[in-house]
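Residue numbers (the numbering used here), protein chains in the order written: chain A, 715 to 1003; chain B, 715 to 1003; chain C, 715 to 1003; chain D, 715 to 1003; chain E, 715 to 1003; chain F, 715 to 1003.
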């Protein structure tokens, strides 16, 4: 680095990446610029760019939580995706996350479509025997397949569930009959619909407090109300407010959280509020953890 | 239809239109791509296109209301409007709705500007002796004329009121002194301003429960807060939230609702949230009725 | 003016500007199309244009407050700014406001970046011995300097505080450690963070009711939630709702308010909601005062 | 005007409007924010705002033509239009232009839709016995009526032709069979299609040089290629380049031009190129005349 | 269809689709809303919607070519695509085109990404022993595979070439070294780069005149200059002008053209010029053929 | 770098930056995200982000010039600018470029506003006794000061000229009377206006061939026609085409070019054509040099 320059393509406040001296128990960001299975509006492949750019709008001191962002974390760049091949891309993500875990680092993934979570969580389940996935989303993403495809943004949590993890779904307000039947047929999927969150945030917080396994947090940006996050693949009116997602993150602050993804930011406009809010989720997470 | 194709220009989940076998007591959609009397920002003529396109983002199962969208309805296409002539366009709408009513079908109108409601309600008053119009809007639309024009988006509810219907205005937050005086001078216009709705939704629900006549529901998209529905002709800050409009629709679910219009969606951008929310109003209505 | 024309570049409802007959104790609007020190997203120089344009969407009767907009006010046009020189621009604003005060008129400033407030308040402190600045903002703007610069949108309230005024900061949710320490070290800066406003609006209202000095109201549009006002230089999720800002303005209605600024509207799109909401702040202010 | 302010929405370089001292043989700008008969994409009502705003991007010295913009001209503001009533609006425009002519001033009209030209030219034909209208447009606008309406952007040149003027249509590339037949049936409509202009600009220039009557120039912005002017009501690929329109204006520099309109700029975005190019047409005209 | 309505999303001027009375040797439109293998900017899945909407901006009489659009053609709707599976989607397209050919109808495909052409041309090669594909594109699309994928927008012409057709590539200005080597190694790929077209259109026309086989025309919208068609997946500056593509279509007017596709229109904005120009390609084709 | 990742915001094809092994006579990119003195539309601070992002749309093989991009170059990141202080920012740029030159590397600067060139050229004049600046721009940028400011985008070439360099201005179409007089009063400023370029490109090429000093190339994106590059601070209709700028770069291919800047790209939209074209200027330059 020259004396007067910086690398604007890295998440703000990230540490210099010296692979010989990676700090243990730190976090590491990767981007997954992939949106091939999107069924409605595409564009989330630009998520990693716009979310990183938006990260420069925050202060080191997190006023909301009265805390400095002093967690050590790295920005490892973007994964080489295979446009049009979700399964191959998931495998590359999985391999990359395995590399990260081998460095003693916990993964933070910026999507891209939600399918990115499959590879990340697969790699994590090799390391952690039990895992609870806290899944913030407007949709359940529990379809067995989507028009015949098993790897898709619409099936991601079904694939993840097949790995044996527990699921906590928060903010749900769109699903199919089959998904509802599937949830009823399982014992380890807990649901808090959007109106449950509006009315009973304390119940959500209490439930999360009782989780005893390591936790993985997966945030589909469409969990927010589209007034806040309009640039998503499948906007669903009636979503969560900013403060509600803050409360969920705060509820996880004292738990062992072994990874985070923030996916489905689909805008080509720098400074757009979906990107700003996605950056804030990562910023708040790193401030609190 | 070929084996592998579908008609994307029809509202999602609409039935095939076989005019020899129209189901009685079903609903029928028409679009009215007209915005000539718009006084501030124009563009609602594109409403019918963008609202239909947005309808493809919903599931058949309405998770919010735990109900399948299984009401039979048709999409009859758009009305041939006369750009620049509101009165002529209203007459064409009226004739078209009369045709629809003759088929035993109840009309759902996608606007276009609010003036479309005049023709629809005129045709309905011929069929229903008493009618209550539940009118969700930021504005009263009760001007006697607008810069001399009697047919206009700004006078629509005055024309409707002259037909002898009762009015329930919900979400009002912008009006003229003359409109307020007019309301005071009548006996059959009930008002719930935006803050009344925020604070006393139960009163709104109770009032709607007491309506004994058939009901027509007219939704000007500017009733929503502009954070949710920014693309309207006359944005008025401080509007209703998505869940509040859901509650109004739910309150009408057990009443006899003989028609619906959703007007003033004014965007040229597919997937924009005003269009998504307008599509959701129709989707929720059809799921609940 | 010709018989059938009007001047659309003036704020709606403003009086004709006849400099020989300016009404005492009226208000006067100036625009400051300046955004040189913006640190994140630029564009607020277009604020004066888009806010004035948006003013044409309102009725003379303010339904919300049941009051006509009958305060006399003028629109004096825009100040000649010096792109790239904040200090020089602040001096020109100061001189212009002094001219306005000499006419017996109270200034309303449309920004442009927040630095415009420095000149306005400087001129006011010459006229009013004691002054309380009510500052609605997501940020404290209390940095001593910004990358070495003393005149900046990020330092504006520090410069203002140095003039000896009392500060009430409302809606704060982003600040630096240094700013927090500075606030603790002073006696006359009162803070209501965004969550304080959400939960304890009555406390805010009570506090404002107790202010005994003349008041200056400075509204940075980023105090609103970005869902409502997305087009600002530094969007900060989790902000105030429209009704909360209404309540603050209402709380000031019976006080002596000697000036207002509405700054940081940064959009090039006519009818965009940030501009509409900025126009509404001025419109509500003029309806209530 | 205060010492340091200016009125930013008046066309740049316009003279102060002192109705007691209007200079004879000067030009006067009016805006007509009307777009009710638009048949395809609406929005030209914002033309007067965005074209004036764009005028601030030009220098007093017109480098292209090596000439200062030193023609005296005024900006008289916007006409009060009647949304939804084209005939009434045309009459108001006509009255306003008559007032302007009575002041000894020649009208420059910023649209709004093309129908504005009807009133302007009607007023001019009372003053000038013979008139040639040079009409730059992608479309002939010669329909007798449009879905039954006689006053419309699609019929404007038919109405104008009925006033007895000669027509020169330049840039034509879209028309109906009936319009072509009508042109053949008349003796005083001269046509230069877009490809004629590309290949034989000298013929256009020669023809214009031979016109002996006073000339009125009407520029529909869709005459330009949509690459240059995308924001028009009816974009037609394959249009004129900037330099070709410059050449037409230059060809008119030594003729008696008694009025100009620039219409159909339909954008809500400040700085958009259609607006910039429309402003340049007026700027070049005023530099050369 | 009701008396006063029409189906606004069918391509303008398309005939009613009565499958019992399809006219032989007519044309039939299908949309392929698929963009999963896009390697740079996504969004072409919306092409079928926006191109159809733009078709309503044209007159039945094609002034440019002095010819009515009187070719009979149908709009068969959109193909059911499989998001994320290009090969499966190509197979569905192929089956659908086979159905269309069985009706005696020639296919016109609106993309979606360029891979759609594979299925179409595969079905055509079963019917026509020899076929020449005239391919207008900025890119050769001749990669053997793309990051391991054989079915992709980047490999489409390689797959097509493997079917034994002759290729004429027009407007090329971006390719890889491997593609250039491949072209040199074949005998039946003719290239006209963008500058060849600018300078020697007569050579292109002459070459096309000599083609003796049936012709299939494939138009990737990025063949146009991005000034004209900015909304494409891979914009390449320095492309063809509108009149140049018109000339190519005109050169094909007297040949046997057995199909057309217009692909890679990637915008969500109705009325955007890429969509207008894509609609014009189909409109001109149908006017001339 | 992990096995499967890359740094997506470095200019495509740039070499890894190992400061211990920088190749002599290579090129090095810096971004200058600064736009404080912009006088019309702001936003060029985002240039470095969007231009780098757009660089990923190009192939290693430059088909246009039949040449691989095999020049070694680095991407050194962005300079730390001082918002609101042009002089300080110019000094930082100057220091940074001095550092780059000390590494034996020639600077390529992505703006940001044009003032960035001052620091770059100042550093270069210390190294090269004689220098010719080839300046592609719609404007001369030769004002002595701009509203009193000596450091500004509007004065940049005056400051540069004061350093004793020769100037060749290409594409000029907007200037003040004072600038024209200044050019006449000097001996070493050569001008090719936009129409000179359109008609006599051979004269431009010939002139450039005769330059005997090292050359610095400064490209203000507004030199292009706004149809091609609409997102600039001061759009000026009637500019250069893509192929004309290509020809200028080609004419410099055999000269000693010691630096390049590409400035005034002012868009927040990824994939916008101004950004794509700016990236192409750098890409073509690196392919040819």
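Yeah, the Cβ is synthetic: ideal placement off N, Cα and C, and Gly gets one too.
Helix, strand or coil at residue i according to DSSP, with G and I counted as helix
i, result
"residue 946/E", "coil"
"residue 729/B", "strand"
"residue 881/E", "strand"
"residue 982/E", "coil"
"residue 846/F", "strand"
"residue 914/B", "coil"
"residue 806/C", "helix"
"residue 997/A", "helix"
"residue 907/C", "strand"
"residue 889/F", "coil"
"residue 755/B", "coil"
"residue 703/C", "The requested residue 703/C is not part of the displayed model; chain C covers only 715 to 1003."
"residue 761/D", "helix"
"residue 779/F", "helix"
"residue 1015/D", "The shown model of chain D, from 715 to 1003, leaves out residue 1015/D, and the question about it has no answer."
"residue 866/B", "coil"
"residue 770/C", "helix"
Residue i, buried or exposed, once every other Cβ within 10 Å from all chains shown has been counted against 16
i, result
"residue 775/D", "buried"
"residue 724/A", "buried"
"residue 810/D", "buried"
"residue 798/C", "buried"
"residue 986/C", "buried"
"residue 717/E", "exposed"
Option in the options with minimal Cα separation from residue i
i, options, result
"residue 966/A", "954/A, 920/A, 940/A and 936/A", "920/A"
"residue 947/A", "973/B, 858/B and 772/B", "772/B"
"residue 893/B", "802/B, 940/B and 871/B", "871/B"
"residue 823/C", "790/C, 983/C, 850/C and 800/C", "790/C"
"residue 891/F", "784/D, 817/D and 880/D", "784/D"
"residue 845/A", "813/A, 881/A and 854/A", "881/A"
"residue 780/B", "937/A, 972/A, 896/A and 887/A", "887/A"
"residue 766/F", "873/F, 1003/F and 990/F", "990/F"
Taking contact to mean at least 3 C-beta pairs separated by less than 8 Å, is the segment 794-812 of chain A in contact with the segment 736-745 of chain B?
Short answer: they don't touch.
Is it a yes or a no for the segment 741-761 of chain C touching the segment 859-869 of chain C, going by three-plus beta-carbon pairs under 8 Å?
Contact between the segment 741-761 of chain C and the segment 859-869 of chain C is present, because at least three Cβ pairs lie under 8 Å.
Assess contact between the segment 990-998 of chain B and the segment 765-781 of chain B, defined as three or more Cβ pairs (one per stretch) separated by less than 8 Å. Is contact present?
A contact between stretches requires three or more CB pairs, one per stretch, nearer than 8 Å, and the segment 990-998 of chain B meets this requirement with the segment 765-781 of chain B.
Contact between the segment 908-923 of chain A and the segment 823-841 of chain A is defined here as three or more beta-carbon pairs at a separation below 8 Å; is this criterion met?
No: the two stretches stay apart, fewer than three of their Cβ pairs being nearer than 8 Å.
Does the structure place the segment 936-953 of chain F close enough to the segment 897-904 of chain F that three or more beta carbon pairs sit under 8 Å?
They do not touch, by the three-pair rule.
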